[in-house]
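Visitor:
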Amino acid sequence: MILYDNALDADAYPVRLLLARLDLACERVTIDSSPLALRGHGPRGPVLDDGEDRVIGAAAVLRHLAGRYAPEWLPAAPGPGDSWLSVLTSPRFAPRQARLLALFTAEGPPSGLVEDATQRLQEMDDHLTLEEFDGRPWFAGDRPTIVDLAAFGPAGLSNDYGVEHDPFPALRRWITRLRALPGFVPMPGVPQFY
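So for the sequence shown, the numbering used here puts the first residue at 13; every next one is plus one.
(1) Based on Cα-Cα distance, which residue from R191, R189, P200 and A167 lies nearest to L100?
(2) Is DSSP giving V27 helix, strand or coil here?
(3) Just how far apart, CA to CA, sit W96 and P107?
(4) With three or more beta-carbon pairs closer than 8 Å as the criterion, would you say the segment 172 to 188 touches the segment 118 to 134?
(5) Across which residues does DSSP place L15 in a beta bridge pair?
(6) Just reading off the alpha helix (DSSP H) that D128 is part of, what are its end residues?
(7) How would you call L31, buried or exposed, if buried means at least 16 neighbouring beta carbons within 10 angstroms?
(8) Let me know the secondary structure DSSP gives G153 once reduced to three states.
(9) Alpha carbons only, please: which of I43, L142 and G79 is nearest the one belonging to D154?
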């Protein structure tokens, strides 16, 4: 198995989290996955070669790995939490866009995009708050799934574009739970104090 990614690529981070959690052997090949390097050269996100299968993009790779090696990491049933997966891995998801512009442009993200990203984080916090009230501490139910792994980058890396975690108590609690899972691997930019 070969994963083509970059240590700073938030799109590939959930894949690395799942691989580490499952203790799957995987060769990693570092690529330049910055928006400028990839402009006009194909899809963003991780690429996984698994035997004869080539899988492209965070959501597809997460579903592939969970489906083949760890079905318990798939959401139990389609529902509100599962619907987050496509939102969280979309290149148009405001927290992802704001982080990329903060890292790879001199101007940084426009204030409107940061406000939109903050609103998306508030929606994530609201979702987790409601889930906690119902005894479900994870995005898609009562156990961690690939949805949680996909959400971790956008939530954990918001400091990169100037949005602190203090206004989002449910997200902070959830980050603490996710970091406590066996096999958790840190990523540059994710605060270590949770």
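All residues carry an ideal CB built from backbone N, CA and C; glycine is no exception.
Guide: In terms of the structure at hand:
(1) Stepping through the sequence shown from its first residue, residue 100 is reached at position 88. Looking at R191, R189, P200 and A167, the one whose alpha-carbon comes closest to that of L100 is A167.
(2) Within the sequence shown, the letter at position 15 stands for residue 27. Three-state DSSP puts V27 in a helix.
(3) Numbered from its first residue, the sequence shown carries residue 96 at position 84. Numbered from its first residue, the sequence shown carries residue 107 at position 95. Cα atoms of W96 and P107: separation of roughly 14 Å, rounded to the nearest angstrom.
(4) These segments touch.
(5) Looking up residue 15 in the sequence shown gives position 3. DSSP output for L15 lists R40 and L60 as bridge partner(s).
(6) As a first step, residue 128 is located in the sequence shown; it is residue number 116 there, counting from the start. Boundaries of the alpha helix (DSSP H) harbouring D128: S123 to F145, taken from the DSSP string.
(7) To locate residue 31, count along the sequence shown from 1; it is residue 19. Classification of L31: buried, given that the 10 Å Cβ count is 16 or more.
(8) Stepping through the sequence shown from its first residue, residue 153 is reached at position 141. When secondary structure is reduced to three states using DSSP, G153 falls in the strand class.
(9) Position 142 of the sequence shown holds residue 154. Checking every option, the nearest Cα to that of D154 belongs to L142.
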